[in-house]
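Residue numbers (my numbering): 190 to 460.
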């Protein structure tokens, strides 16, 4: 917004709430209403037909957070693979070998989540740790909110029985849900289980615990996306670009050296 304001352009924000139908409506109507360019945070792999049409028309559009390899669209994304690699390597350096991966969405639906999973796998492989699909849990979002909570509780209990000592969550919101559920189960973080999220959202400043996470430079992502859109508008030519923005590990209080949790599992009575 700062960048566009400085260039004399007006930015309007339209929220889809992850609704592909609402996203489709905006993608069709905004260009018809005279909007010169779009920065899109895609809901999932949806509306390919509309996006393809915009591509053919060379309409200035930039994706953030995700990239669609089958469409020649500009994208600005975080280095999700490296972020996950940093997170899991940090856990491994603390002595953890049974590190679970939990995500809310299908890997094939969201490129950023898929890249984080690849980074998780690469870190394990590079450190000589076998990839165990029994402690990889995706997706959880196909359930309702209440069902997701119960499902998460069952997933965490099962993972504890399988001997995990650390969890890498797809994003911070999921990590917060995991932390609350583990607390309800009597499992302490990080004394019993270490936990790492991804995003470094502002909400973390207001929690009772300090989450270890991967920091995304959201400001830089937005600025670069605005530069690409503006360049396409002013030059009258759309040349797709792909920009990857570096991320960094933020070490806080939810990770600690590995501890055996067999006693915790033995003493925990599933409700």
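C-beta atoms are modelled at their ideal positions from N, C-alpha and C, and glycine is treated no differently.
| query | result |
| --- | --- |
| Tell me which same chain residues have a C-beta within less than 8 Å of the C-beta of residue 324, skipping the five on either side of it? | 287, 288, 289, 290, 348, 351 and 353 |
| What's the gap between the Cα of residue 329 and the Cα of residue 340? | 7 Å |
| When burial is assigned at 16 or more other CB atoms within 10 Å of the CB, is residue 360 buried or exposed? | buried |
| Roughly how many angstroms separate the alpha carbons of residue 365 and residue 263, rounded to a whole number? | 32 Å |
| If we require 4 or more residues per run, which alpha helix (DSSP H) segments fall completely within the segment 288-330? | 300-315 |
| Is residue 251 near residue 216, with beta carbons less than 8 Å apart? | no |
| Rank 208, 211, 219 and 212 by C-alpha distance to the C-alpha of residue 200 and give the top, closest one. | 219 |
| Would you list the residues sitting across from residue 415 in a DSSP beta bridge? | Per DSSP, none; premise fails for residue 415. |
| Please name the residue in 237, 444, 415 and 433 whose C-alpha comes closest to that of residue 194. | 415 |
| Mind pulling the alpha helix (DSSP H) runs of 4 or more residues that sit fully within the segment 243-290? | 269-282 |
| Might you give, ordered along the chain, the residues of its own chain that have their beta carbon closer than 8 Å to the beta carbon of residue 370, omitting 5 neighbours on each side? | 338, 341, 342 and 345 |
| Are three or more beta carbon pairs between the segment 288-308 and the segment 241-248 nearer than 8 Å? | no |
| Using CA atoms only, rank isn't needed, just tell me which of 272, 437, 299 and 248 is closest to residue 235. | 299 |
| If we call anything under 8 Å between Cβ atoms a contact, is residue 388 one with residue 402? | yes |
| If we call anything under 8 Å between Cβ atoms a contact, is residue 356 one with residue 316? | no |
| Flag this pair as yes or no: are the beta carbons of residue 443 and residue 399 separated by less than 8 Å? | yes |
| Does the Cβ of residue 204 have 16 or more other Cβ atoms within 10 Å, making it buried, or fewer, making it exposed? | exposed |
| What separation, rounded to the nearest whole angstrom, lies between the Cα atoms of residue 447 and residue 197? | 54 Å |
| Is residue 344 helix, strand or coil when you go by DSSP? | helix |
| Quick check on the DSSP output: the alpha helix (DSSP H) that includes residue 370 runs from which residue to which? | 361-373 |
| How many Å lie between residue 311 and residue 269 at the Cα? | 12 Å |
| Are residue 249 and residue 223 close, meaning C-beta to C-beta below 8 Å? | no |
| For residue 210 and residue 279, what's the separation of their Cα atoms in angstroms? | 40 Å |
| Quick one: give me the first and last residue of the alpha helix (DSSP H) that residue 212 is part of. | 209-221 |
| On a CA-only basis, which of 417, 376, 308 and 326 is nearest residue 432? Give me that one, please. | 417 |
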